[in-house]
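Chemist: Quick note: the sequence shown uses the working numbering, first residue 80, plus one each step.
Idealized CB from N, CA, C, for every residue including glycine.
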Amino acid sequence: MIGAGPAGLTAAYELAKLGMRSTIVEADAQVGGISRTVNYKGYRFDIGGHRFFSKIPYINKLWQEIIGDDFLLRPRLSRIYYSGRFYDYPLKPLNALVGLGPLEAVRIGLSYFRAKVLPYGDDNNFELWVANRFGYRLYDIFFKTYTEKVWGIPCDKISADWAAQRINNLSLWNAVHDAFFLNRHNDKRITTLIEKFHYPRLGPGMMWECCESRLAQQGSETLRGVRVERLRHRNRRIESMYGTTDDGLSIELDGKHFISSMPLRELIYALDPLPPHTILQAADRLHHRDYLTVVLIINRKDVFPDNWIYIHAPDVKLGRVQNYKNWSPDMVPNPNHTLLGLEYFLWDKDEEWNWPEERMIETGIRECTKIGLIEPHEVIDSTVVRMRKTYPVYHENYRDNLNILRQYLASFLNLQTIGRNGLHRYNNQDHSMLTGIFAARNITGETNDVWMVNTEMVYHEELNPEKARGDDQQRPEMVLDPATARSIPSSN
Ligand SMILES: Cc1cc2nc3c(=O)[nH]c(=O)nc-3n(C[C@H](O)[C@H](O)[C@H](O)COP(=O)(O)OP(=O)(O)OC[C@H]3O[C@@H](n4cnc5c(N)ncnc54)[C@H](O)[C@@H]3O)c2cc1C
Numbered sequence: 080m081i082g083a084g085p086a087g088l089t090a091a092y093e094l095a096k097l098g099m100r101s102t103i104v105e106a107d108a109q110v111g112g113i114s115r116t117v118n119y120k121g122y123r124f125d126i127g128g129h130r131f132f133s134k135i136p137y138i139n140k141l142w143q144e145i146i147g148d149d150f151l152l153r154p155r156l157s158r159i160y161y162s163g164r165f166y167d168y169p170l171k172p173l174n175a176l177v178g179l180g181p182l183e184a185v186r187i188g189l190s191y192f193r194a195k196v197l198p199y200g201d202d203n204n205f206e207l208w209v210a211n212r213f214g215y216r217l218y219d220i221f222f223k224t225y226t227e228k229v230w231g232i233p234c235d236k237i238s239a240d241w242a243a244q245r246i247n248n249l250s251l252w253n254a255v256h257d258a259f260f261l262n263r264h265n266d267k268r269i270t271t272l273i274e275k276f277h278y279p280r281l282g283p284g285m286m287w288e289c290c291e292s293r294l295a296q297q298g299s300e301t302l303r304g305v306r307v308e309r310l311r312h313r314n315r316r317i318e319s320m321y322g323t324t325d326d327g328l329s330i331e332l333d334g335k336h337f338i339s340s341m342p343l344r345e346l347i348y349a350l351d352p353l354p355p356h357t358i359l360q361a362a363d364r365l366h367h368r369d370y371l372t373v374v375l376i377i378n379r380k381d382v383f384p385d386n387w388i389y390i391h392a393p394d395v396k397l398g399r400v401q402n403y404k405n406w407s408p409d410m411v412p413n414p415n416h417t418l419l420g421l422e423y424f425l426w427d428k429d430e431e432w433n434w435p436e437e438r439m440i441e442t443g444i445r446e447c448t449k450i451g452l453i454e455p456h457e458v459i460d461s462t463v464v465r466m467r468k469t470y471p472v473y474h475e476n477y478r479d480n481l482n483i484l485r486q487y488l489a490s491f492l493n494l495q496t497i498g499r500n501g502l503h504r505y506n507n508q509d510h511s512m513l514t515g516i517f518a519a520r521n522i523t524g525e526t527n528d529v530w531m532v533n534t535e536m537v538y539h540e541e542l543n544p545e546k547a548r549g550d551d552q553q554r555p556e557m558v559l560d561p562a563t564a565r566s567i568p569s570s571n
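#1: Label S101 either buried or exposed according to how many other C-beta atoms from any shown protein chain fall within 10 Å of its C-beta, with 16 as the threshold for buried.
#2: Applying the 10 Å Cβ sphere with the 16-neighbour rule, what's the burial state of K468?
#3: By the 10 Å Cβ neighbour count, where 16 or more other Cβ atoms means buried, how is G524 classified, buried or exposed?
#4: Given this structure, state the Cα-to-Cα distance separating S157 from K236, to the nearest angstrom.
#5: Can you give me the start and stop residues for the alpha helix (DSSP H) that M439 sits inside?
#6: Does the beta-carbon distance from R115 to I126 come in below 8 Å?
#7: How about I138 and D509: do their beta carbons lie closer than 8 Å?
#8: Quick test of your reading: N386 and N402, contact by CB under 8 Å. State the CB separation rounded to the nearest angstrom.
#9: DSSP on D266, reduced to helix/strand/coil?
#10: From M466 to G84, what does the alpha carbon distance come to, in whole angstroms?
#11: Below 6 Å CB to CB, which residues in the same chain sit around E93 once its five sequence neighbours on both sides are set aside?
#12: Let me check you understand the geometry: is the CB of G284 closer than 7 Å to at least one non-hydrogen atom of ligand 1?
#13: Tell me which residues share the same chain as Y218 and place their Cβ nearer than 6 Å to its Cβ, disregarding the 5 neighbours each side in the sequence.
#14: Alpha carbon to alpha carbon, how far is Q143 from C289?
#15: On the three-state DSSP scale, how would you describe M341?
#16: Give the range of the beta strand (DSSP E) segment to which L486 is assigned.
#17: Can you say whether N203 is buried or exposed, counting buried as having 16 or more other CB atoms within 10 angstroms of its CB?
#18: Have a look at the DSSP bridge pairing and note the partners of K275.
#19: Who are the Cβ neighbours of L397 in its own chain at under 6 Å, not counting the five residues just before and after it?
#20: Ordered along the chain, which non-local residues of its own chain (more than five positions away) have a Cβ less than 7 Å from that of R379?
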């Protein structure tokens, strides 16, 4: 198993249930992958807050089984900061109307009407997809800036797949309707408006550390600090993998079956012998967005009531602010302090990525002060954490390259790829886990298509592998899973 993130650990966990042992090889010193929790002097924070929310009963059961009473049910409060004001998110018409003013409300209505009467052509990119459903005015206010901060490319260069995957089922009408009739919220229709979520008492990393210990008890070992660099193959079978430990030692592992959650491009380049040039080229065309968080310890008991705030202001690079004490009080050892995570979405080639920590912290404090959240003198300690490859980018044409890799990898008899980067799919934990479960079951003779997870509507509800089998006639983006229907600002 390559990678001890949610996908890899869950695959091993499912295999253990099926009576099989595995060895999990993890490059990092910690488990959990992007869903880890960082412990800084007893203050805990995530790589962006991680809600535990799934419409798949089997996944909910697993989470509960792994962590038991430490699985808290937490209230959700989130807002959008735009043009000097805070707006409730999910949007509430009265709150939005008061904030934007009646004139803007009329403009929004007119632009929505215009999009309905005269749609903006073929909506194969994100901008047109949203504009056709919400109108350009609303797109400009509540979608464009934040989305471009997250993805780092203009909205008209982002594939509509992403919008379809994340905001299916959410129209302006639905948003307004649900805002007024929240109590009658139809669970099947929309998931943006959930008001509660589960969260481990000590952050998401707690879930994955518990999972790792349970696996160890059952004889499945995790090798931390070992980066897999080479997979030797012959006659369409992987024979062994080679890794290097943090202190430079080489190790070789044999196995019957190999499951990988490492990024696809890296996997392709680790294959020995290397695949043909066209395959390498396709792998080179997959891109990821990277993530940096500036974490501030604030000497104030309560800074703001939200779990997180989306920053739609174009004059700051800051994308979102997390308040970890509101996720779980135990994330902060001193109840008189607040722990803020300022989230920056970057490319690792951006100059900010390579700035010294002090400069990044200074920027974070300045931007956070500018939007009125803190005073600089309240910051008593701070740190910076960088995480590469957090967002598989749905660039225009990414799918053609992905299909080339998918077909090539299908030729291996004992290799499966799973998870967010292993499938280059914008999966949350639950769908990443589901791919691991399916891969594990495939080893016992089932034939689930892991590439269909998070694209197909029906089987998620009941985890019925029969319905998860591949169907090449079905265009994945046409059939959507209500569990992933979130609004843009809740992008993870
Ligand atoms: C900012 C942000 C917020 C998010 N919020 C949420 C949320 O609220 N709820 C939610 O459910 N999901 C959320 N997600 C998504 C969630 O983080 C991912 O779905 C999940 O972590 C993916 O699990 P994975 O195992 O597929 O991949 P990863 O978490 O990426 O784990 C892969 C593991 O493989 C290891 N690895 C990579 N290469 C090698 C190698 N060569 N050798 C050995 N090991 C290797 C990595 O170190 C890593 O530990 C969020 C993501 C981001 C970026």
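Modeler: Looking at the coordinates:
#1: buried
#2: buried
#3: exposed
#4: One C-alpha to the other measures close to 28 Å.
#5: E436 to K449
#6: yes
#7: Contact flag set, yes.
#8: 6 Å
#9: In this predicted model, D266 has a pLDDT of only 48, less than 50, meaning its place in the structure is not dependable; the value taken from the coordinates is given anyway. Looking at D266 - three-state DSSP - the assignment turns out to be coil, as it is neither helix nor strand.
#10: 13 Å
#11: Non-local C-beta neighbours of E93 in its own chain, meaning closer than 6 Å and more than five positions away in sequence, comprise I516 and A519, ordered along the chain.
#12: no
#13: A distance below 6 Å between beta-carbons, with the five flanking residues on each side excluded, links Y218 to the following residues of its chain, in chain order: V209 and A210.
#14: Spanning the two alpha carbons is a distance of roughly 11 Å.
#15: coil
#16: For the record, residue 486 in the displayed sequence is Gln; it is not Leu. That residue, Q486, is in no beta strand (DSSP E); its alpha helix (DSSP H) goes Y477 to L488.
#17: Per the 10 Å Cβ criterion, exposed.
#18: P154
#19: I390, L421 and E446
#20: T417 and E457
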